[in-house]
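Under the working numbering, the very last position in the sequence shown is 151; numbers go up by exactly one each time. Backbone N, C-alpha and C fix where the C-beta goes; we use that ideal spot for every residue, glycine too. Keep in mind it's a predicted model, so treat the numbers as computed, not measured. Below is one structure, written out as structure tokens; comments come after it.
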Amino acid sequence: MKRNGNLVPLSRDHHFGLLYCWKIREGLKKNVEYSRIRKYINYFWHHSLSAHFEIEDIVLPETEHTGLQFQMEQEHAELRKLVSSINQSEDGRLLEDFAKALHNHIRFEERVVFPHLEAHLSEQQMTDIGLQLAEIHTPETENYQDQFWK
2 MKRNGNLVPL SRDHHFGLLY CWKIREGLKK NVEYSRIRKY INYFWHHSLS
52 AHFEIEDIVL PETEHTGLQF QMEQEHAELR KLVSSINQSE DGRLLEDFAK
102 ALHNHIRFEE RVVFPHLEAH LSEQQMTDIG LQLAEIHTPE TENYQDQFWK
């Protein structure tokens, strides 16, 4: 099924998020220093992911009545906690846990939440989401210099 155009900006963010997970995993496979991967996680968190979560909370309130909102909020909280733990530790398992949790969260939104919205919201509601995104969403860019995954 083709994604409703009003959700495409969030889906593009998700594409970058999956790429981000891949880069973390590649760094882990190459035994890159924990501190280098942690810096990348913090960069991505502060330049993209944190704002993405806030935008979803603003423009996707219609999921509240289905239990999907609760799951999204729980997963956002889990990811916030993992970022905090990564910054307080040197445990490499946290890096993999973060990449896995983010990957699973993105898949949940793309495979469950977005299709639910497309099936249950009116065209006007979808248009309203698109208009809100046009006002507050900034397209993803990555200018991170340390390409540890290569």
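Point to revise | Between the CA atoms of His117 and Ser49 - distance to the nearest angstrom | key: 25 angstroms
Check your understanding: How long is the line joining the alpha carbons of Lys1 and Trp150, rounded to whole angstroms?
Key -> The displayed coordinates of the chain run from 2 to 151. Any statement about residue 1 would go beyond what the structure contains.
**Study point:** Euclidean distance between Cα positions of Pro10 and Gly28
**Key:** 27 angstroms
Practice item. Just the C-alpha distance for Leu69 and Arg108, rounded to the nearest angstrom, thanks. Key: 13 angstroms
Check your understanding: Between Val84 and Ile42, is the Cβ-Cβ spacing less than 8 angstroms?
Key -> yes
Review point. Would you call the segment 138-150 and the segment 85-99 in contact, with 3 or more CB pairs under 8 angstroms?
Key: no
Review point. If we call anything under 8 angstroms between Cβ atoms a contact, is Phe45 one with Tyr21?
Key: yes
Check your understanding: Counting along the chain, where does the alpha helix (DSSP H) carrying Gln133 start and finish?
Key -> Glu124 to Ile137
Review point. Hey, Phe115 and Leu8 are a contact pair by Cβ (cut 8 angstroms); roughly how many whole angstroms apart?
Key: 5 angstroms
Review point. When the Cα atoms are used, what is the spatial distance from Leu80 to Ser123?
Key: 31 angstroms
Point to revise | C-beta atoms of Glu136 and His15 nearer than 8 angstroms | key: no
Exercise for review: Using only alpha-carbon positions, find the residue among Gly6, Thr67, Glu34 and Trp23 that is nearest to Asp92.
Suggested key: Glu34
Point to revise | Contacting residues, own chain, Cβ-Cβ under 7 angstroms from His104 (five flanking each side not counted) | key: Leu19 and Cys22
Point to revise | Coil, strand or helix - Val33 by DSSP | key: coil
Practice item. Assign Glu141 to buried or exposed, taking buried as 16 or more other Cβ atoms, counted over all protein chains shown, within 10 Å of its Cβ. Key: buried
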